[in-house]
Amino acid sequence: MKPHTLSIPYSVVDKLPAAERFVYYELCRLAAYEDMTDEDFKIPLSKGELVTSHYRLAKVLDYPYSKAALAIESLEKKGLIEISMINDPEFKTYYVVHIKKIVPDDQPIENEVPYANQDFYWDIK
């Protein structure tokens, strides 16, 4: 599996409640890392998109259904994600999530908290 290359500015998630921050990070982790076609639904996805439902997301995250649903709805209201329903009677509860606040690979994240200095940590052997 190819490592993910989506970058999330900390300023985007800084003020989110813990549950929303967790779900947002997990959506970014689960999202397509390049343009592709979803194997289960045969739907073309762009980088930063995934197909899910409230139930499926709750199962994958091992998270209560109601918390997952509330977090998804809140993230959409805050403009961090966009949800598009799938127009297929077989998959009535599934939707495509498009993550809106990611940084392209070729752009640096500006004004972010720098990583800790590696010299600060000592070797534990």
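Sequential numbering of the sequence shown, starting at -15, is according to my numbering. The beta carbon of each residue, even a glycine, is placed where N, CA and C say it ideally should be. This structure is a prediction, so every number in the text was calculated from the model and none was measured.
Within its own chain, the residues whose Cβ lies closer than 8 Å to the Cβ of E33, once the five positions on either side in sequence are excluded, are A15, A16, V80, V81, H82, I83, listed in chain order. Only exposed fits E18, as fewer than 16 other CB atoms lie within 10 angstroms of its CB.
For E4, there is no enclosing beta strand (DSSP E); the enclosing alpha helix (DSSP H) covers residues 2 to 14. I56 counts as buried, since at least 16 other C-beta atoms from the protein chains shown sit within 10 angstroms of its C-beta. Annotated as distal: D22 and L11, with beta-carbon spacing of 7 Å or more. Excluding residues up to 5 positions away in sequence, K51, A55 lie with their Cβ nearer than 6 Å to the Cβ of A3 in the same chain.
DSSP places S37 in the coil class of the three-state scheme, outside both helix and strand. Here I27 carries a coil assignment [DSSP, helix/strand/coil]. For Y49, the uninterrupted alpha helix (DSSP H) segment begins and ends at 49 to 61.
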